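Asks: The structure's right below; bear with me while I get my questions together.
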Amino acid sequence: MRKNRSARIFWGMMLLSWLTIPFIGRQHIKRYLSSTMFISFLIMVESYIAEKKKWWIFPNPPHPYLTGEAALLLGPFLAGSLWIKKFTYGHFGRYMLLNAIVDTFFVYPFQRAMSRAKLFSVGTFKEYHLLGIFLLKAALMYVYQHLVVEKPKPQRALKNNPIE
């Protein structure tokens with residue numbers, strides 16, 4: 362029974378997140394998707410390590426081939442990252458403030474509710490460790506977007522440069 366409820370909750374979160382994506386706008390999705398996918402890849406590596414070290418635990422995955430962490434990654438994380446970058450990219454302070462608010466909500470009230478429902482719990486990690494990792498990944502995603510995706514283009518020499 363618990364597995365069925367767990368699956369419904371995880372699939373519901375993914376579905377609701379994906380239903381918001383068309384409202385982000387195609388140009389924003391194209392602009393921000395690569396940095397989101399870069400961090401998603403790092404999170405998959407991190408989740409492999411976290412499973413081995415028991416940093417956090419998803420006792421009832423939504424599907425045998427999909428972990429609870431993957432459900433959060435493919436749903437709320439993906440959509441949320443695109444939305445946050447759409448509204449704050451170019452203003453690092455606002456970007457980090459909004460990420461701090463969203464991540465604090467996830468780490469404290471949301472994670473505690475998920476823990477009471479036996480869907481997710483922190484293991485050897487403390488909640489503030491989780492918040493620190495989330496904020497570090499948010500900063501890394503911003504830096505990747507700025508330096509790799511939108512790297513400054515070199516200045517081309519002007520034709521008929523009067524200085525020469």
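For the sequence shown, the working numbering assigns the number 362 to the initial residue and increments by one for each residue that follows.
Glycine included, C-beta positions come from ideal geometry on N, C-alpha and C.
Source: prediction; values computed, not measured.
Where does residue 470 land, buried or exposed, given buried means 16+ other C-beta within 10 angstroms?
Replies: Position 109 of the sequence shown, counted from the start, is the residue given in the question as residue 470. Residue 470 comes out exposed.
Asks: Between which residues of its own chain and residue 418 is the CB-CB distance below 6 Å, once the five residues before and five after are set aside?
Replies: Within the sequence shown, the letter at position 57 stands for residue 418. Closer than 6 Å at the Cβ level, and outside the excluded window around residue 418, lie 482, 484.
Asks: Quick one: grab the DSSP three-state call for residue 427.
Replies: Sequence index remark: in the sequence shown, residue 427 carries index 66 (1-based). Here residue 427 sits in strand by DSSP.
Asks: Once DSSP output is grouped into helix, strand and coil, what is the label at residue 382?
Replies: In the sequence shown, residue 382 corresponds to position 21, counting from 1. In the structure shown, residue 382 sits in a helix (DSSP, three-state: H, G or I).
Asks: Report the option in 395, 431, 475, 442 whose CA atom is closest to the CA atom of residue 382.
Replies: Here the question's residue 382 lines up with position 21 in the sequence shown. Taking only the C-alpha atoms, the option nearest residue 382 is 442.
Asks: So what's residue 417 in DSSP terms, helix, strand or just coil?
Replies: As a first step, residue 417 must be located in the sequence shown, where it is residue number 56. Strand.
Asks: Could you tell me which whole alpha helix (DSSP H) segments of length 4 or greater appear in the region 454 to 507?
Replies: Those alpha helix (DSSP H) runs which fall completely within the region 454 to 507 and span 4+ residues are 472 to 477, 488 to 505.
Asks: Does the region 395 to 404 come within contact of the region 451 to 458, defined as at least 3 CB pairs closer than 8 Å?
Replies: Verdict: no, contact absent.
Asks: If residue 505 sits next to residue 446, beta carbons under 8 Å apart, how far is it from one beta carbon to the other, in whole angstroms?
Replies: For the purposes of this step, residue 505 is identified with residue 144 of the sequence shown, where counting begins at 1. For the purposes of this step, residue 446 is identified with residue 85 of the sequence shown, where counting begins at 1. Not quite, the Cβ-Cβ distance comes to about 11 Å (not below 8 Å), so this is no contact.
Asks: Residues in the same chain with beta-carbon distance under 8 Å from residue 404, minus the five sequence neighbours each way, listed in chain order, please.
Replies: Taking the sequence shown and counting its residues from 1, one reaches residue 404 at position 43. Cβ neighbours of residue 404 beyond the five flanking positions: 430, 434, 438, 498.
Asks: What does the alpha-carbon distance come out to for the pair residue 362 and residue 510?
Replies: Here residue 362 is taken as the residue at index 1 of the sequence shown, counted from 1. Here residue 510 is taken as the residue at index 149 of the sequence shown, counted from 1. For residue 362, the predicted model reports a pLDDT of 48, less than 50, meaning its position is unreliable; a value from the coordinates is still stated below. Near 45 Å, if we compare the C-alpha coordinates of residue 510 and residue 362.
Asks: Taking all protein chains shown into account, do 16 or more other C-beta atoms lie within 10 angstroms of the C-beta of residue 474, making it buried, or fewer, making it exposed?
Replies: Along the sequence shown, read from residue 1 onward, the residue named residue 474 stands at position 113. The residue in question, residue 474, is exposed, as its Cβ has fewer than 16 Cβ neighbours within 10 Å.
Asks: DSSP three-state label for residue 450, please.
Replies: Position 89 of the sequence shown, counted from the start, is the residue given in the question as residue 450. Residue state, collapsed to three classes: coil.
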